[in-house]
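Under our numbering, the sequence shown has 182 at position 182, and the numbering climbs by one with no breaks.
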Amino acid sequence: MFSGSSMSCRGVSIWSDILMLYNTSKYAFDVSFDDESLSFLYMNNLPEYWDSNLVYWSEAKQSGSIYDDALSVFQVYNLELCDSMITENVSSNWLAALDFSSTCLSLPPFLFARLVKWLPLECPEDLTDINKLIIDKSKENHPNDEPVPYSSLCIVKKRPLPVASFWLSQMDHSNDQLEPLRIFLDDYVVRYNNTDYLCILNSLQSTFGKINYLPYNEEYSSNNYFPYYTSSSTPLILFGSLLLKSYGILIDNNSGKIGFYSKFKYKQNDSGVNKHPKNFNCKPKKECPKGGGFHYEASTNECIPPNCSEWLLYEFNDETNKCELSSVFPLVLTFIVILFTFFEIHIMYLKQFVLDRSSEVFNS
């Protein structure tokens, strides 16, 4: 959606033609999920209820690729959740894109695994295993082979969910007068059969190779309007249409920048995300055993045991939480003693043999 002609068939894009027809380089859109009649697209103008001083601009995207106009991309800096930067030890920034052909937020596998470590969720095991390169889809069908896209999503156990945040530039992060952009995770909750699902995807779910229709609310299931998620298998962070619950979007094709306008600046939102602290219902911080060389990894909310392999024949004991001599040490020691004994006996034999031969030569 809103992609340029470089990824279109034969370089022809209806959207690009519309922009050329109206001589448009800047456009804004505001989508209402409650009433479609209140959704608008503005060309070359801002909505009258937006304050241009409150538009939060991204950095200009890099140019030079043949697909420059294909995606609306921007850098995300210091992505935080529950007071922890979940990109820690990987990178302080990550490339993101707007993908409003999809409903959900899509994350690379490692980011998805770190996110669910902090949230009160019940997720399919395949989704949280960052070592898996393929996700098994055999469990995602009814007995009559009807697709069940909700089975790919994590179940929300507690609400409200905490609020994630990020910055659009490194300089903004160091500016005390600016606030970060917030991802209101409650806005990504979809309800089906009295169960809350979190519409955040592991990008490995691209192995579907198909579109999965996902009504964001049961009462809309009979309408023609079906939000859905598509799959990408991309390392990008992809923001789906549910982002539009919280933000209006302004795109400037000339500068290559994307503007975000918080809807909470000018109207009430029914999600109630502003009524609770940003860290509400975060999973408890893990308490690491004292001593033993443990260190706390905030990005994954885990206690990392010491690397016992740094010492020869040492291994980590789960019961004592310490590095101890390996269970094979007695066997290795016994083998070494036997080996030295064998060589000692052999050397004594050779020594006696040499002495005997020397005596024979002397006597002769």
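Positions of the beta carbon are idealized from the N, C-alpha and C atoms, including for glycine.
Given the structure is predicted, the values throughout are model-derived calculations rather than measurements.
Per-residue burial, residue i [other beta carbons within 10 Å of its own, 16 or more giving buried]
| i | result |
| --- | --- |
| D34 | exposed |
| S365 | Summary: the structure shown does not reach residue 365, with the chain confined to residues 1 through 364, and so no result is reported for it. |
| S203 | buried |
| T334 | exposed |
| R357 | exposed |
| S52 | exposed |
| T341 | exposed |
| N93 | buried |
| I237 | buried |
| I86 | buried |
| S84 | buried |
| S359 | exposed |
| T103 | buried |
| V332 | exposed |
| V76 | buried |
| L54 | exposed |
| I258 | buried |
| L243 | buried |
| L350 | exposed |
| L79 | buried |
Paired residues, beta bridge with residue i - DSSP
| i | result |
| --- | --- |
| E80 | M85 and S165 |
| S72 | L98 |
| D252 | K26 and K257 |
| C303 | Y296 |
| W57 | G259 |
| S106 | L201 and L238 |
| C154 | L198 |
| L181 | F166 |
| Y247 | S262 |
Residue i (DSSP reduced to helix, strand or coil)
| i | result |
| --- | --- |
| E122 | strand |
| G272 | Since pLDDT at G272 reaches only 44, below the 50 mark, its modelled position is unreliable, and the value read off the structure follows with that caveat. In the structure shown, G272 sits in coil (DSSP, three-state: anything other than H, G, I, E or B). |
| Y188 | helix |
| S262 | strand |
| F40 | strand |
| S221 | For S221, the predicted model reports a pLDDT of 40, less than 50, meaning its position is unreliable and no value from the coordinates is stated. |
| F316 | strand |
| R159 | coil |
| W15 | helix |
| S327 | coil |
| T195 | strand |
| K117 | helix |
| Y349 | helix |
| C282 | coil |
| N93 | strand |
| V354 | helix |
| K290 | coil |
Cutoff 8 Å: residue i Cβ touching any chain C Cβ
| i | result |
| --- | --- |
| E324 | The structure shown contains no chain C, having only a single protein chain. |
Within 8 Å, strictly: CB atoms of residue i and residue j
| i | j | result |
| --- | --- | --- |
| R182 | S165 | yes |
| E302 | K285 | no |
| D187 | K245 | yes |
| Y56 | M43 | no |
| L98 | S58 | no |
| L316 | P305 | Here residue 316 turns out to be Phe, not Leu, going by the sequence shown. Yes, the pair counts as a contact, with Cβ atoms nearer than the cut-off. |
| S13 | F100 | no |
| F112 | A96 | no |
| F239 | L105 | yes |
| L115 | L161 | no |
| S32 | S25 | no |
| L365 | L250 | In the structure as shown, the chain starts at 1 and stops at 364, and residue 365 therefore has no counterpart that could be examined. |
| E88 | A298 | yes |
Cβ shell of residue i (< 6 Å), same chain only, five flanking positions each side left out
| i | result |
| --- | --- |
| D196 | V156 and V189 |
| K158 | P120 and N281 |
| D172 | L178 |
| L21 | none |
| G256 | A60 and K61 |
| C308 | Y314, E315, F316 and C323 |
| K117 | T300 and N301 |
| I338 | none |
| N193 | none |
| N253 | S25 |
Residue i: CB within 7 Å of a non-hydrogen atom of the ligand MN
| i | result |
| --- | --- |
| Q177 | What this structure holds is no ligand at all, so the ligand MN is not there to describe. |
Proximal residues to residue i (C-beta, below 7 Å), its chain only, five neighbours per side dropped
| i | result |
| --- | --- |
| W50 | G248 and Y261 |
| L153 | Y197, L198 and C199 |
| P180 | S165, F166 and W167 |
| L41 | Y27 and F29 |
| F353 | none |
| H346 | none |
8 Å CB neighbourhood of residue i in its chain, flanking five on each side removed
| i | result |
| --- | --- |
| K283 | C82, K117, W118, L119, P120 and N301 |
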